[in-house]
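*Asks:*
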Ligand SMILES: Cc1cc2nc3c(=O)[nH]c(=O)nc-3n(C[C@H](O)[C@H](O)[C@H](O)COP(=O)(O)O)c2cc1C
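Numbering (the working numbering), first residue to last: 4 to 333.
#1: The alpha helix (DSSP H) that contains residue 227, what's its start and end?
#2: Judging by CA-CA distance, which residue of 247, 278, 279, 259 is the nearest neighbour of residue 265?
#3: Beta carbon of residue 189, beta carbon of residue 219: below 7 angstroms?
#4: Taking the Cβ atom as the reference point for each residue, do residue 89 and residue 39 lie within a distance shorter than 7 angstroms?
#5: How should residue 21 be labelled, buried or exposed, when 16 other C-beta atoms within 10 angstroms of its C-beta is the threshold for buried?
#6: Going along the chain, which residues of its own chain have a beta-carbon closer than 6 angstroms to the beta-carbon of residue 69, five neighbours each way excluded?
#7: Quick one, are the C-beta atoms of residue 365 and residue 57 less than 7 angstroms apart?
#8: Quick one: Cα of residue 98 to Cα of residue 277, how far?
#9: Could you name the residues that DSSP lists as bridge partners for residue 129?
#10: Which residue comes first and which comes last in the beta strand (DSSP E) that contains residue 182?
#11: Is it true that the CB of residue 165 sits closer than 7 angstroms to the CB of residue 303?
#12: Output the distance between the C-alpha atoms of residue 107 and residue 148, rounded to the nearest integer angstrom.
#13: Looking only at its chain, what residues have a beta carbon closer than 8 angstroms to the beta carbon of residue 251, apart from the 5 residues adjacent to it on each side?
#14: Where do the N-terminal and C-terminal ends of the beta strand (DSSP E) with residue 48 fall, by residue?
#15: Can the beta-carbon of residue 141 be found closer than 7 angstroms to that of residue 125?
#16: Looking only at its own chain, which residues have a Cβ that is under 6 angstroms from the Cβ of residue 332, when we skip the five neighbours before and after it?
#17: At the level of alpha carbons, what is the spacing between residue 229 and residue 196?
#18: Between residue 241 and ligand 1, is the CB less than 6 angstroms from at least one heavy atom?
#19: I'd like the list of long-range same chain contacts for residue 315, defined as Cβ closer than 6 angstroms, with 5 residues on each side in sequence excluded.
#20: To the nearest angstrom, report how far apart residue 131 and residue 72 are at their CA atoms.
#21: Measuring only the C-alpha atoms, how far is residue 153 from residue 45?
#22: Candidates 323, 204, 159: which alpha carbon is nearest residue 16's?
#23: Going by CA-CA distance only, name the one from 139, 119, 293 that's closest to residue 128.
#24: Go through its chain and collect everything with a Cβ distance to residue 48's Cβ below 7 angstroms, but skip five positions before and after it.
#25: On a CA-only basis, which of 87, 237, 77 is nearest residue 105? Give me that one, please.
#26: Going by DSSP in three states, residue 68 sits in which element: helix, strand or coil?
#27: Tell me the DSSP secondary structure of residue 43 in three-state form.
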């Protein structure tokens, strides 16, 4: 049995998708002054001297006549924050330039802002290539900016992260047996990063006279209160602390929580007004610490880090109840 042609096309497209590319928007302007553009990942460098680039355009693209009649085009290498723009320019019939700030380049072509690099080109040659036309342009002007690029891989947008150069092992570690402690341990790295990020928040906790464990209970009540002592314990015991009646009583004494019921696991706990205020303040402080850390990391690395942490959490989940839905039934 032979494969149906559309299956072959799909397989060919998906094989091509294993080649990671950047994403560009190519723009031009018709002789009558209409701005035109589309998303393209077929862009590539061609020649350094003279400077030349190429890209290909589907013969059925609406923008084909504009690129054929105009003698110029501009290629914009998109930055990692321009996924939405990429989507707009890949949508046939969309009002692509609406609301965009535009500069004018060679031949009046529209130049977009916020990208990683821009190449203004004079169309030098056009070649037929199956169902596409290959446009080769001589680069007359270009500029580039220090912004991380948007990546396209396997049919999805992605972010580029530089792989670290393999670090030479410190002299003391070079000949260490496998059983010795290493600063490259994932558990060590996770723990140290956590404690260092938590340092700032710890000072805020001390200001309110709160321990780490009291804060964990308050933060869970901040997501949803009116939980039983047993339910709070169910969520927290794997972190190494037990939520006891005494722990809750200490929050009651501090004026942050209220207990409804007597000394038993079914007693319900709610936040007081002061408790809610302190949670809001401490969550804001935690978010500020996080924003600062993310700023240092950069968008792409922080997304990758969160993705990696989520998969570790998923893989090692001992069966924690979800935070947002009730888990305890009497
Ligand atoms: C990531 C990505 C890359 C694309 N690359 C190309 C390309 O290289 N050439 C092309 O003709 N279309 C490409 N497309 C499809 C066009 O952007 C899309 O068909 C667009 O609607 C064409 O616009 P038009 O028909 O208004 O001219 C790509 C789309 C995406 C999402």
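Cβ atoms here follow ideal geometry from the backbone N, Cα and C, with glycine treated the same way.
Note that this is a predicted model, so its numbers are computed, not measured.
*Replies:* From the atom records:
#1: Sequence index remark: in the chain shown, residue 227 carries index 224 (1-based). No alpha helix (DSSP H) contains residue 227, which DSSP labels as neither H nor E.
#2: As a position in the chain shown, residue 265 is number 262, starting the count at 1. Ranking the options by Cα distance to residue 265, first place goes to 247.
#3: Here residue 189 corresponds to residue number 186 of the chain shown, with the count starting at 1. Here residue 219 corresponds to residue number 216 of the chain shown, with the count starting at 1. Taking 7 angstroms as the Cβ cut-off, residue 189 and residue 219 do not qualify as a contacting pair.
#4: Counting from 1 along the chain shown, the entry for residue 89 is found at position 86. Counting from 1 along the chain shown, the entry for residue 39 is found at position 36. Not closer than 7 angstroms, so no.
#5: Looking up residue 21 in the chain shown gives position 18. Classification of residue 21: exposed, given that the 10 Å Cβ count is below 16.
#6: Locating residue 69 in the chain shown gives position 66, counting from the first residue. So the qualifying residues of the chain are 31, 33, 39.
#7: The structure shown does not extend to residue 365, since the chain spans only 4 to 333, so no value can be given for it.
#8: What you label residue 98 is simply residue 95 of the chain shown in a count that begins at 1. What you label residue 277 is simply residue 274 of the chain shown in a count that begins at 1. Distance from the CA of residue 98 to the CA of residue 277, rounded to the nearest whole angstrom, comes to 50 angstroms.
#9: Residue mapping note: residue 129 aligns to position 126 of the chain shown, counting from 1. When DSSP reads this structure, residue 129 sits in a beta bridge with 138.
#10: Indexing the chain shown from 1 puts residue 182 at position 179. Neither: residue 182 is in no beta strand (DSSP E) and is coded neither H nor E.
#11: In the chain shown, residue 303 corresponds to position 300, counting from 1. In the chain shown, residue 165 corresponds to position 162, counting from 1. In this structure, residue 303 lies away from residue 165, with their beta-carbon atoms at least 7 angstroms apart.
#12: For the purposes of this step, residue 107 is taken as residue 104 along the chain shown, with counting starting at 1. For the purposes of this step, residue 148 is taken as residue 145 along the chain shown, with counting starting at 1. Here the alpha carbons of residue 148 and residue 107 stand approximately 18 angstroms from one another.
#13: Residue numbering aside, residue 251 sits at position 248 when the chain shown is read from its first letter. Spatial neighbours of residue 251 in its own chain (CB-CB distance under 8 angstroms, excluding positions within 5 residues in sequence) are listed in chain order as 220, 232, 235, 260, 262, 270, 272.
#14: As a working mapping, residue 48 is identified with position 45 in the chain shown. Segment 47-50, the beta strand (DSSP E) holding residue 48.
#15: Working through the chain shown from its first residue, we reach residue 141 at position 138. Working through the chain shown from its first residue, we reach residue 125 at position 122. Residue 141 is a Cβ neighbour of residue 125, given a cutoff of 7 angstroms.
#16: As a working mapping, residue 332 is identified with position 329 in the chain shown. A caution first: residue 332 carries a pLDDT of 42, below 50, which makes its placement in the model unreliable, though a value can still be read off. Within the same chain, residue 332 has no close Cβ partners at all.
#17: Counted from its first residue, the chain shown places residue 229 at position 226. Counted from its first residue, the chain shown places residue 196 at position 193. When rounded, the distance between both Cα atoms is 32 angstroms.
#18: Counting from one through the chain shown, the residue named residue 241 turns up at place 238. Relative to ligand 1, even the nearest heavy atom lies 6 angstroms or more away from the CB of residue 241.
#19: Walking along the chain shown from the start, residue 315 turns up at place 312. Excluding residues up to 5 positions away in sequence, nothing lies with its Cβ nearer than 6 angstroms to the Cβ of residue 315 in the same chain.
#20: As a first step, residue 131 must be located in the chain shown, where it is residue number 128. As a first step, residue 72 must be located in the chain shown, where it is residue number 69. Linking residue 131 to residue 72 through their CA atoms gives a straight-line distance of about 16 angstroms.
#21: Counting from 1 along the chain shown, the entry for residue 153 is found at position 150. Counting from 1 along the chain shown, the entry for residue 45 is found at position 42. Residue 153 and residue 45 have their C-alpha atoms spaced approximately 14 angstroms apart.
#22: Mapped onto the chain shown, residue 16 falls at position 13. Closest by alpha carbon: 159.
#23: Along the chain shown, read from residue 1 onward, the residue named residue 128 stands at position 125. Of 139, 119, 293, the residue nearest in Cα terms is 139.
#24: Taking the first residue of the chain shown as 1, we reach residue 48 at position 45. When the five nearest sequence neighbours on each side are left out, the beta carbons in the same chain lying within less than 7 angstroms of the beta carbon of residue 48 are those of 56, in order along the chain.
#25: Along the chain shown, read from residue 1 onward, the residue named residue 105 stands at position 102. Measuring from the Cα of residue 105, the nearest candidate turns out to be 77.
#26: Start at 1 with the first residue of the chain shown, and residue 68 comes out as number 65. Residue 68 falls in the helix class under three-state DSSP.
#27: Counting from one through the chain shown, the residue named residue 43 turns up at place 40. Here residue 43 sits in strand by DSSP.
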